[in-house]
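J.:
In the working numbering, the protein residues as written are 1 to 183.
(1) Assuming residue 48 and residue 81 form a contact by the criterion Cβ under 8 Å, report the distance between their Cβ atoms to the nearest whole angstrom.
(2) Is it buried or exposed, residue 156, if we count other Cβ atoms within 10 angstroms and call 16 or more buried?
(3) Does the distance from the C-beta atom of residue 118 to that of residue 149 stay below 8 Å?
(4) Of the residues 43, 90 and 154, which one's Cα is nearest the Cα of residue 174?
(5) Are residue 94 and residue 113 closer than 8 Å when you measure CB to CB?
(6) Is it buried or exposed for residue 105, if we count other Cβ within 10 angstroms and need 16 for buried?
(7) Between which residues of its own chain and residue 128 is the CB-CB distance below 6 Å, once the five residues before and five after are set aside?
(8) Which residue spans inside the segment 57-110 form an unbroken alpha helix (DSSP H) run of at least 4?
(9) Whose CA, out of 65, 171 and 166, lies closest to the CA of residue 120?
(10) Is residue 107 near residue 146, with beta carbons less than 8 Å apart?
(11) At what residues does the alpha helix (DSSP H) containing residue 129 begin and finish?
(12) Going by DSSP, which residues form a beta bridge with residue 150?
(13) Label residue 77 either buried or exposed according to how many other C-beta atoms from any shown protein chain fall within 10 Å of its C-beta, with 16 as the threshold for buried.
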């Protein structure tokens, strides 16, 4: 075999080796890294019991912190459950709603509550929890007085869109354990 034959053989062996390595590569989609093992959990605030879906422990992704109930929301809800008279007949918007525990509690006393978050995955769990608290005969997603809206802080288009949908504005702006990450 001449030198060209050895080079061609080495090239074929390298191509075979590369193909073998490519065959061993495992591609994982984004869902592999997301925890969506939501558990139906019951919470009690004063005389109010609320069931909702949430994670039992924190996600490792800072952007999905809204998948569980944080201590600040528990404290805020304890306070709100002791002052329900403030909310009678009012409207509220909750910033960084996460799983929606505060907004869902407030809806028991308010006429309307808008729950907001910036993350699409978190909005999915908010909507699931809104459905959990909707009457079966309600056909409109807003007919029970709870609605989820996407809101990235500082996004004036989204703010204007929310205000157009709710022209009366809001009597209360609520938020617990919320943060803004500016890059």
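Backbone N, C-alpha and C fix where the C-beta goes; we use that ideal spot for every residue, glycine too. As the structure is a computational prediction, the values presented were derived from the model and not from experiment.
T.: In short:
(1) Here residue 48 refers to the residue found at position 48 of the chain shown. Here residue 81 refers to the residue found at position 81 of the chain shown. That belief holds up - the Cβ atoms of residue 48 and residue 81 are roughly 5 Å apart, short of 8 Å.
(2) By one-based count along the chain shown, residue 156 stands at place 156. Per the 10 Å Cβ criterion, exposed.
(3) Indexing the chain shown from 1 puts residue 118 at position 118. Indexing the chain shown from 1 puts residue 149 at position 149. Not closer than 8 Å, so no.
(4) Here residue 174 corresponds to residue number 174 of the chain shown, with the count starting at 1. That would be 90, whose Cα lies nearest to the Cα of residue 174.
(5) For the purposes of this step, residue 94 is taken as residue 94 along the chain shown, with counting starting at 1. For the purposes of this step, residue 113 is taken as residue 113 along the chain shown, with counting starting at 1. Result yes, Cβ atoms of residue 94 and residue 113 sit closer than 8 Å.
(6) If you number the chain shown from 1, residue 105 lands on position 105. Within 10 angstroms of the beta-carbon of residue 105 lie 16 or more other beta-carbons, which makes it buried.
(7) By 1-based counting over the chain shown, the position of residue 128 is 128. Hits under 6 Å: 53.
(8) 71-81 and 101-107
(9) Counted from its first residue, the chain shown places residue 120 at position 120. Closest option to residue 120, Cα to Cα, is 65.
(10) Locating residue 107 in the chain shown gives position 107, counting from the first residue. Locating residue 146 in the chain shown gives position 146, counting from the first residue. Their beta carbons are under 8 Å apart, which means residue 107 touches residue 146 by this criterion.
(11) To locate residue 129, count along the chain shown from 1; it is residue 129. Looking at the DSSP string, the run of the alpha helix (DSSP H) that includes residue 129 is 120-132.
(12) By one-based count along the chain shown, residue 150 stands at place 150. Bridge partners of residue 150: 117.
(13) Counted from its first residue, the chain shown places residue 77 at position 77. Burial call: buried.
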